[in-house]
Every structure is written in structure tokens, then in C-alpha cells.
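Below is one structure, written out as C-alpha cells; the observations come after it.
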Amino acid sequence: MGRTIKLKKGFDIKIVGSPKEEILTNFTSTTFSVKPTDFKGLSPIPKVTVAVGDEVKAGDTIFFDKKRPEIKHASPVSGEIVDIKRGDRRAIAEIVILADGKQVYKDLGSINPSTASRADLVQFLLDSGCWPFLRQRPFNLIAEVGETPKNIFVSGFDTSPLAPNLAYAVKENANDLATGFEVLKKLSGGKVHYNTGPGQSAPSLSGVEVNSFSGPHPAGNVGIQIHHLDPINKGDIVWTINVQDVVALGRAVQGRFDTERLISVGGSVKQTGYVRTYMGASVADIAKSNLSADNVRIISGNPLTGTGIGKEGHIGFFDNGISVLDEGNQYELFGWLIPSYARPSLSRSFPGFLRPNKQYKVNTNTNGEPRAFVNTGLYQRVLPMDLYPMQLLKSILYNDFDQMEGLGIYEVVEEDLAICEFVCPSKTRMQEILAQGMDAVIEQG
Amino acid sequence: MQFLRNQLDAIEEKVKDNKYLHTTFDAIHTFLYKPNHVSKASGGVHIHDGMDLKRTMFMVVVAMQLALLFGMWNIGHQHYAAYGVNAGLGDAMFTKFLYGMFQMLPLIVVANLVGLGIEFIFAAKRGHAVEEGFLVSGMLIPLIMPPAVPLWMVALATAFAVIIGKEAFGGTGMNPLNIALLARVFVFFAYPTEISGDIVWVDYAPNFINNILGLGVPAGAALADTFSGATPLALAAKGGWSNVLTQYSVSEMFWGTIPGSIGETCKPAIILGALMLIGMGIASWRIMLSMIIGAAVMGFLLNIGGEFISVSMLKLPEANPFFAVPWYYHYIMGSFFFAMAFMATDPVTAAQTNTGKWIYGFMIGVCGIIVRVMNPAYPEGWMLAILFCNVFAPLIDNYVIQSNIKRRLARGH
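Chains as they are written, first to last, in my numbering: chain A, 73 to 517; chain B, 2 to 414.
Pasting the structure below:
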């Protein structure tokens, strides 16, 4: 039996355009991509096993990391490799596949996760291209093949602004989800936790701890949930996986690398909703006909942690939605004092706190300039963890590894501090600083 | 509005090569316009809270305005009352306010010109933007000065506080000590006669503006017979609570129609400001509450142990009458509330952890009463208590942080 945990700290950012629960059938993606840059810790130039012009099936390996060649990265669709984009210093930025529309799957064979040995199952997942779905904490790296995690955690809901309703997204895939959890149970050295949100009916999954969480954002972040269920100590390794990817695991063991999923579309668009597509889909079609303005930013993921991908871009490997925000590159006369439009804020110096359910039209303006840390206590108010975020970030800035470890760098990844970055009146780039700190610790070994 | 925008763009084009001019332009520009900066597209949050440091600081300045307005009137009131002219509270209210305003304005102008001038120069030298921290200091410094303080002293004190107290450590957010208190403590130790004793708390002589306008009682007039410029604290130090009551009633001390530093006297105005800051979540209620508790505890201990401490411990011939001042009256004498609302809560120099804030506020409350009551040389304790605890704040935080670290490590075993 799982636990019920009510969190109080945090802040829900309410934005106009949260995805409506309906399937948008008028958008299709013709190209799909996998971006090596989505994987933390991957070599910048992985070994690409395909060339432009090659035909691939869904599930065919398209690249692997030379440091960890056993982990295969697969194509989400069948079609033709049309582009291998390179970024800085010839790093592989993106491998683009033009879908043929027939969606032919590579035959993976099948394996019964309940009866197979763990080693066989691991080998199957590595070959199938599913392994990169599994991420390891500390640091959100692709799971280490030789490790057995202490526990595996899956968050069944997302409290970020404009985030998809994950319960809705996996509603029709209950069987594949259950099979996926069978896989996780075999992989975990301890428990498998499935954390559901408020009002979500808990599925009956035998052998899985189904916990119920409630509270404002970031209650839906798996990092926060881990902190409250079974925190990560020095030397611990736990794995996490997105719930739609658990569905993909469930399908893989039945024979095919099928990443079909619902991608939410929210924010400054004419029609919000969900698009049924595959991992890494292009947003070009949505950008062409569904934007309500021209000066917008298309973000793969949510406005707190996502990545701007442009109007021709592809959705990231771990993202379940796209958010469209108006660009805020305008001056505003006395905007810091007398705002000309309402904006979300934790601060009660704005009248917004009187209307807690108001939804705001937001833009990407930073609403101020970067400053030194001045405000204190604000970050603890929005972070439901026994952790001092400002002190942790300062320890990163002055490069004190003992402090970073003591203050909990193993317990957080970028997304967990995103809400602190949002409220920071000094506009500190907290996720960037944390990423630097994590890189430094990884490098230290 | 587009006209203003175009003019600013044109000016920016002209000043962009001179770093001093450009810094100045930039500071004025960001005051007029919220910049058009957008969040980085490649990572980090794409949306930001509407709150920024400028707005935070400005709200603190707003919270001080009632105390400032009352302080202006009270300068005038004390001035006229000293000469026995218009001595009633309701008499010539507007004249008193005007008089006080014109006495006060040069103080505000000098503190800000000097402080901001130094900020601008340092910002230009460092290639930084001018940060907003001095907005608050520039308002606080005039409010914590005695009304008749010479302007050159304010200029010198402000320069000292900003250069040695802040810029030497790296600017806004880096200073270990409260800037405004540092300015005051500079005057206090460098020119003690200007900021202690019985005669400095009333502005006797009109300044040049008031002379031109013909406001105030001209120099040379005789003081009223009943008048004494002594503050309640000075009276209490001499003869205890009964001595205070010979001059001032409890309600006078509460409402603030008494001599003192400009902003400190009117308790309701300060409390309203404090409530505003707490309501907006800008100042820490933990520090304020624990400071109230600290002062109560220490005041109460002195009440019950006055005899013992004076005679047995300090070897005084008899009990210090100040010890016996009821602990709850300590709040309305002197600058307790002002120090609590605007000084102790300065987030940069206070403890930064929530547990630390409780300890920090409590320590200030205790130390402030000790300095106020037990040290005959210092009539008021909050300035020194807060500066003292500023120094301790990092240590307090360090213990809180270490205990968090230990808790995390212990969990692993």
C-alpha cells in the first residue's frame, strides 16, 4: 500500500492556455528527430550508425555513445534519414527522420518481464532502444547498465504550468502501462513507486507502491516525491522514468519500439489540446496553422524547464508537450512599478493574490535584471524539501564540493529548482548554476 | 510615450562610448522602463515572476512613508513647542509640516546625492548596472538621524557607509553590515555630541530654506520654561520610569509627539509599515516577532532581577532605576519598532535561514535591551545590537546549515 503525502510549500503558476482534454486531429508531423543533446553526460559526438538517405524502421539503432556502446538509441518512426545536424564543434545536434507514414516496426522479439531473468531483460531493453528512457539520480544521467537501483520512481502527474494531464495521456494504455511496471519491478532492487496526483484514481498494480501526492507545484516533480518517499543519500542510486515511457517499455517487451503518445499543446495557440504522435515529432505543422501570434517562442516541454526549439524544431526526448509563449521583448514604461498587464507572482505586492484562480497571459520577459542574491527565505517557501537552495547554489559558485554534497546536490536536478528560479527577484539563472555544479561533481568522480 | 522612447534611444546612441555616462543613462532608463530582456531560449525558465529587486526595494521605501510624513510634522512641532509657540498638537499643523519638510529635504537630498553618486561611479568602474540597494539606504539614513544633524556630517557618514561598508565588499547584496546603521554609527562615534545628549533631538534653528520662507522661530528667541529636549530614554537612565512620566505621557510616546530621531517616534506609522512589509512577504515576520520576544524576555529579567544585578553583580550602590522600567514600556521608548521593521529585517545582513532568523531576531532583542539599560554611555541599544548581530548572522547561519548537512548525512546510515 502506498503513502499519502500532502505538500504545502510551492506555487502554482496559472497560465492561459492549459491544454484542453481533446485530441487535435488536424495536425500531423512529417519529420521526427532524436537529439543526442537531450541526454546529460552523453559524448558530444556519438557514433551515428546511419547516413543521410538510409531507410530505417521504427526501433532501428541510429546512434550510440562511444563510451557506453551497449546503450542503443533508436529511431521512433520508419522512414528516411534526411538530415544529421551538427552544432558547436561538430557535435551531433539532431538526427532527423522523414516518416514514410507506414510506420514499419523492427521486430524485437518478445520477452516476458515476469519470468525472464533480470540480465536477459536488461539486454532486451538495451537492444530495443528503450534503455535511454531510464534515468538515474543523482544527476539525471542515463541509467548505468551494471547498477541495480535502490528504487524506481514514476510520477503520474505534472504540476508545471501548461503541462499535460498525464493521467489523461495514458488513459487508453492501461495494459501497456501495467506491463511496463512489470519491467520496472524486475529492474528495481527495491520498490517501484508510482505517484499519482490529486483526484487521480489509483490503478491497481500489484507489487507497485502507488502513492498519492497533493500540493502546489513542484509536487508533481519526481525529485520532490523521492525526497519525501525515500531520499537519495550519498552512494544511493535511484532511477526515474516518465510515465508515457513506461507505456513504451510495456509495448517494447511485446515486440516493438512503439513510442506513440499524446503530446500536449498549450499556451498562446488558437487550439489547445493533445496531438497523437511519436517521440521527437516536429512542431512545424502546429506552428504553421495554430499560433495566435507571430512573435512567439515554441518550447519543447513546459515554460519552467523546457527548451526553445523554434518553429521548425522537434520535441525533446523526455518532453511530453509543447508550450507556446509570447516573446516579451518589449519595453514597458514603469513596468516594474505599475504593470500595464497582470502577471503571475508569488509576491503580494501585486493585487493578483486576491484572485488565486486567475489565469495569466504571460510572456518571456525576465521582468527585471540580474542582481546579486538579496532576498532570502523566498526559495524555501516554494521548495517542499528540507534543503537550502540558495546556500547550495552559492556552494556551487565557490566550488566547495563538500558543501555541495552536504547541502543536497545529489537530491535535486534542474527541474526541481525551476520554481525557485521563477520566483527569484534577482533573476538568478539557478538551473544553469545547478547544472554547472552537477557537471563539476561528475567530473570529480 | 513613443516620443520618450525615441529620445531615450537617441541618447543611448550618444552615450554608449562613455562608461560613466552610459551607467547613468542605464540607471535612469531601467527606472523609466522595464527592460526588454527575455529569458534565454536554450534553457532555464522561460517565464519570470513579476517581482524584481527594484520593486522589492521600492516597496520598503513606500512602507517608510508614513513614518517620514509624521517625522516631518514632528520636526516642526518640536521646533515650535520648544519656543512655546503654537505648542498645542493641533496648532498650525500645516506650517509645522512645511517647516519640517524643508528641514528634512536637504537631508534626503544630501544622503541620496552622495550615496547614489558613489554607487554610480563604482558601477561604472566595474562595468555593472547600478543596483537598487541604495534606494532603501538613502531613505533610511535621513530617518535615523537627529533632526538638527549638520548636512556635511550626513554626507561624510553616507560616503563612509557606502564605500567602506558596501562597495569594498562588492556592492549590493555583499555587505556584512547594515549600510544605514553604519552611517549612523559613524556619526555616533566620530561626532558623539551631535547625536547624543539632551539638546540634539530638537531642531532649534531654521535652515536656509525656512529662513528664506520665513518659517519657524528665528534664532535668538528664548526657549519655553517647561521645555526640555531630553528623550524618554535619557530620562529613564537618570531616574527610571517615574522620571520619564514627569515629561511625557505613555500616549505621547506611542503616538510619537516627542523628540527623537526623525523617523523613530511615531509607533503606529511604523507598525503599519511593518504590517505592510509582512503582508507583502517582503520583510521577515520571524525576525520581527523574535525580536519582540527577545526584548520582552530581557526586559522582564531586568525587571525581576534589577536589584540583584545592580547591587550584587555590578557592585552599584543601589539598584539602577532603568532596570525597573516595565518591560512592555520599552517598546514605546526610543526606536525599537523602527529598528525592528526596517533595520533588523534587511535581508542581506540578517540571518538567511528561517531558523537562523529566529535566533538572530531574539539575540537583537536581548542585546538591544542590555545596551539600552545597562550601559550608561549609550542611551539607545538597537543600532549597536543590530550591527553586533549582523556580524554574528553568518555564524548563526553556519550552525543551521551544518545541522542540515548533518541531518542529511545521518539519514544515510
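In this text, a Cβ means the ideal position worked out from N, Cα and C, and glycines have one as well.
Can you tell me whether A:Ile313 is helix, strand or coil according to DSSP? coil
Measure the Cβ-Cβ separation of B:Gly413 and A:Asn362 and say whether it is below 7 Å. no
Proximity winner among A:Thr438, A:Gly449, A:Tyr451, A:Val454, relative to B:Lys35 (alpha-carbon distances): A:Thr438
Cβ neighbours of B:Phe71 in the same chain (closer than 7 Å, five flanking residues each side left out): Gly257, Cys267, Ala270
Can you confirm whether A:Glu493, when its beta carbon is compared against all beta carbons of chain B, has any partner nearer than 7 Å? yes
In angstroms, rounded to a whole number, what distance separates the CA positions of A:Ile468 and B:Gly134? 25 Å
Cross-chain neighbours of B:Glu132 in chain A, by beta carbon under 8 Å: Arg443, Ala444
Within its chain, find whatever has a CB closer than 6 Å to the CB of A:Glu190; leave out the 5 residues flanking it on each side and keep chain order. At residue 190 of chain A the sequence reads Arg, which differs from the Glu that was named. So the list reads Lys258, once near-sequence residues are dropped.
Once DSSP output is grouped into helix, strand and coil, what is the label at A:Glu399? coil
Using a cut-off of 8 Å between C-beta atoms, extract the partners of A:Pro411 located in chain B. Gly51
Does DSSP put B:Leu117 in a helix, a strand or coil? helix
Compare the C-alpha of B:Asp92 against each of B:Gln79, B:Asn399, B:Thr232 and name the closest. B:Gln79
Return yes when the Cβ of A:Gly400 is within less than 7 Å of the Cβ of A:Pro148, no when it is not. no
6 Å Cβ shell around A:Glu281 - same chain, five flanking residues per side excluded: Gly74, Lys263, His265
Given this structure, state the Cα-to-Cα distance separating A:Thr121 from A:Ile214, to the nearest angstrom. 20 Å
Return the residues of the stretch 331 to 350 of chain A that lie within a Cβ-Cβ distance of less than 7 Å from chain B, sorted by chain order. none
Strand pairing of A:His386, partner residues [DSSP]: A:Ser354
Do B:Ala169 and B:Ile142 come within 7 Å of each other at the CB atom, strictly closer than that value? no
List the endpoints of the continuous alpha helix (DSSP H) containing B:Thr31. 20 to 33
Would A:Pro375 count as contacting chain B if we go by Cβ distances under 7 Å? yes
What's the call for A:Trp408, buried or exposed, on a 16-neighbour Cβ count within 10 Å? buried
Name the two residues that bound the continuous alpha helix (DSSP H) containing B:Ser404. 383 to 412
Leaving out the 5 sequence neighbours to the left and right, which residues in its chain are closer than 7 Å to B:Leu117 when beta-carbon positions are compared? Phe135, Gly139
By the DSSP assignment, the beta strand (DSSP E) with B:Val298 in it spans what residues? Per DSSP, B:Val298 belongs to no beta strand (DSSP E); it is in the alpha helix (DSSP H), 286 to 308.
Answer with yes or no whether the minimum CB distance from A:Leu506 to chain B is below 7 Å. no
Do the CB positions of A:Phe104 and A:Ile153 come within less than 7 Å of each other? no
Which class does A:Pro185 belong to by DSSP, given the choice of helix, strand or coil? coil
Taking only runs of the beta strand (DSSP E) that begin and end inside the stretch 197 to 248 of chain A, which ones reach a length of at least 3 residues, in chain order? 207 to 209, 224 to 227
Taking 7 Å as the threshold (C-beta atoms), are B:Leu388 and B:Leu144 in contact? no
So which residues on chain A does B:Pro3 lean against when the C-beta distance must stay under 7 Å? Correcting the residue type first, residue 3 of chain B is Gln in the shown sequence and not Pro. Going along chain A, no residue has its Cβ under 7 Å from B:Gln3, so there is no contact; the nearest lies around 10 Å.
Per the contact definition of three or more C-beta pairs closer than 8 Å, is the stretch 49 to 67 of chain B in contact with the stretch 275 to 291 of chain B? yes
Can you give me, in chain order, the residues of the stretch 328 to 351 of chain B that have a beta carbon less than 9 Å from any beta carbon in chain A? Pro348, Val349, Ala351
Within 7 Å of chain A by C-beta, residues of the stretch 33 to 44 of chain B in sequence order: Leu33, Tyr34, Lys35, Pro36, Asn37, His38, Val39, Ser40, Ala42, Ser43, Gly44
Any beta carbon from chain B within less than 7 Å of A:Thr187's own beta carbon? no
Beta-carbon proximity of A:Val88 to A:His145, cut-off 7 Å: no
Given this structure, state the Cα-to-Cα distance separating B:Trp153 from B:Phe32, to the nearest angstrom. 28 Å
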